[in-house]
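Enquirer: Protein chains in written order, with the working numbering: chain A, 1 to 195; chain B, 1001 to 1195. Each residue gets a CB set at the ideal place from its N, CA and C atoms; glycine is no exception. Small disclaimer: the values here were computed from a predicted structure and weren't measured.
Protein chains: 2
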Amino acid sequence: MNEAVVLTSERILEVTEDVLRRYGLAKATVVDVARALDVSHGSVYRHFPSKASLREAVAKRWLERVSAPLAQIAAEPGPAPVKLERWLRELFDAKHKRVCEDPEMFATYLTLAREACTVVKAHKQDLIAQVEGIITEGVAQGAFDVADPKTAAAAIFDATRSFHHPAHADEWADCTCSTRVDAVLTLLLRGLAAR
Amino acid sequence: MNEAVVLTSERILEVTEDVLRRYGLAKATVVDVARALDVSHGSVYRHFPSKASLREAVAKRWLERVSAPLAQIAAEPGPAPVKLERWLRELFDAKHKRVCEDPEMFATYLTLAREACTVVKAHKQDLIAQVEGIITEGVAQGAFDVADPKTAAAAIFDATRSFHHPAHADEWADCTCSTRVDAVLTLLLRGLAAR
DNA sequence: GCGCTGACAGATTTCAATATCTGTCAGCGC
DNA sequence: GCGCTGACAGATATTGAAATCTGTCAGCGC
């Protein structure tokens, strides 16, 4: 198991994800992580000052895996309305896929995210900033008409919570969900559009 | 305590709410309710087949107290856009007030509502039907332009979840909340408006 | 007859003893 | 010196026995 590999924070995080996957959030202990790494649990505390900070780091990795592909979409050229819709649908798809493919892991992520609320807030700010960028672009293109892109971005984020906030995950399997997504997106894009 | 009053379902519900308020959801037992009513707990089971059904009935009462004033607004005459905004703000205010004034009771209500999901679904359907009514009116007035009022009503409901779904209650105290409400309402009303 | 009582069985919760975990640190070995 | 170990104290979780609760029902009293 050990492979004589140096013990880096990165390696600890990878193994921690494995342990979380195998044991579940409630039962996964620092001792389990250390055992999987074939070191004493004291060594883990050399890289992370507490169990909470280790969990936070795991949460951060997960959230970065969500925002990275979105940032890519936000950076592409093209008409803002199309891009915004693509961006939002990508966000919803990413979340929906996660909960469908591995609901147990999603529950773990959800609890973890609740704890690491600083990290989650930063993630939200990051996503809203991306939306703001797209909206600003849309205003420049003459496609959108909004007073304040920052406020509008927050509003878009708030108005789509049903489809990206984990609290509503139990509705995502519903067959009417895709219709509801369409309806909300239509409404919001009409609301942003210059006339 | 007893007052020799006949034991009706209504009286049981009132006292049950008292007991919930005093003991909290987790600790309130059917025996507590019976004791407060000065009867044996067997008598309570004459009116409600189970503890779950008693809780469900309490939840139903609570939800009816939310929807009744809204139904009144929906029934009033006047321009649909104004009415819709008033209706939504009334919904948000009702919820926000509850959570601010008595957060503990709100937590009780929240857990109860999770259990009584049939009752909650019916409540949601009721609210969406009210919105649908307002939208249909707005279309008739020429103020709104929507393909399908039912779908649009559901979309309005989905898009305002941040401000009425209890899962987001912890954000309602935030000072930016009122700005965010304004932003979302502006966006949605623009989205519905005929041009 | 009709509604209430109170004892009962099985399910659930509580509580305290026990075990495990978190976070620290002196000291070992490379 | 530097990083790791493993023993330790205090905090947290687990466990199983005892207490309480849910839901039923035969029988009492109006």
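Can you tell me whether Ala1193 (chain B) is helix, strand or coil according to DSSP?
Expert: Note: Ala1193 (chain B) maps to strand in three-state DSSP.
Enquirer: Name the chain B residues whose beta carbon is nearer than 7 Å to that of Gly78 (chain A)?
Expert: Neighbours of Gly78 (chain A) on chain B: none; closest Cβ ~22 Å, over 7 Å.
Enquirer: When the cut-off is 8 Å and only beta carbons count, does Ser1178 (chain B) lie next to chain A?
Expert: Chain A, which has no Cβ nearer than 8 Å to the Cβ of Ser1178 (chain B), makes this no.
Enquirer: Looking only at its own chain, which residues have a Cβ that is under 8 Å from the Cβ of Ala193 (chain A), when we skip the five neighbours before and after it?
Expert: Closer than 8 Å at Cβ, skipping near neighbours: Pro81, Ala143, Phe144, Asp145.
Enquirer: Looking at chain B, is there any beta carbon in it that lies within less than 8 Å of the beta carbon of Gly240 (chain A)?
Expert: Nothing about residue 240 (chain A) can be read from this structure; chain A reaches only from 1 to 195.
Enquirer: Can you give me the Cβ contacts of Ala1116 (chain B) inside the same chain, cut-off strictly under 6 Å, excluding the 5 residues immediately before and after it?
Expert: Glu1056, Ala1059.
Enquirer: Could one say the Cβ of Thr151 (chain A) lies closer than 8 Å to chain B's Cβ atoms, at least one of them?
Expert: Thr151 (chain A) counts as touching chain B.
Enquirer: Let me know the secondary structure DSSP gives Phe106 (chain A) once reduced to three states.
Expert: If DSSP states are grouped into helix, strand and coil, Phe106 (chain A) belongs with the helices.
Enquirer: On the DSSP bridge assignment, give the partners of Phe144 (chain A) in chain order.
Expert: A:Ala193, per the DSSP bridge assignment.
Enquirer: Less than 8 Å separating the beta-carbons of Val1099 (chain B) and Phe1092 (chain B)?
Expert: No. Outside cutoff.
Enquirer: Give the single residue among A:Leu63, A:Ser67, A:Leu13, A:Asp38 whose Cα lies nearest to the Cα of Lys51 (chain A).
Expert: The candidate whose alpha carbon is nearest that of Lys51 (chain A) is A:Leu13.
Enquirer: Between Cys175 (chain A) and the ligand FMN, is the CB less than 7 Å from at least one heavy atom?
Expert: Summarising the ligand content, the structure contains no ligands, and the ligand FMN is consequently not present.
Enquirer: Going along the chain, which residues of its own chain have a beta-carbon closer than 7 Å to the beta-carbon of Ile156 (chain A), five neighbours each way excluded?
Expert: These residues qualify, in order along the chain: Val131, Leu188.
Enquirer: Using alpha carbons as the reference points, say which of A:Val33, A:Ile73, A:Ala159, A:Ala36 lies closest to Val184 (chain A).
Expert: Minimum Cα distance to Val184 (chain A) is reached at A:Ala159.
Enquirer: What does a CB cutoff of less than 7 Å around Ala71 (chain A) pick up in its chain, not counting 5 residues either side in sequence?
Expert: Counting only Cβ-Cβ distances below 7 Å, and skipping sequence neighbours, we find Gln130.
Enquirer: So Arg1089 (chain B) contacts chain A; which residues on that side make the cut at Cβ distance below 9 Å?
Expert: By Cβ distance, chain A contributes nothing, its closest Cβ being about 15 Å from Arg1089 (chain B), past 9 Å.
Enquirer: Closer than 6 Å by C-beta to Leu1110 (chain B): which residues in its own chain qualify, once you throw out the five before and the five after it? Chain order, please.
Expert: Once the five neighbours on either side are set aside, the close Cβ partners of Leu1110 (chain B) are Pro1166.
Enquirer: One question on the structure: do Ser53 (chain A) and Leu7 (chain A) come within less than 8 Å of each other, judged by their Cβ atoms?
Expert: Cβ distance not < 8 Å, so Ser53 (chain A) and Leu7 (chain A) don't count as in contact.
Enquirer: Return no unless some Cβ of chain A is closer than 8 Å to the Cβ of Arg1114 (chain B).
Expert: No, Arg1114 (chain B) does not count as interfacial toward chain A.
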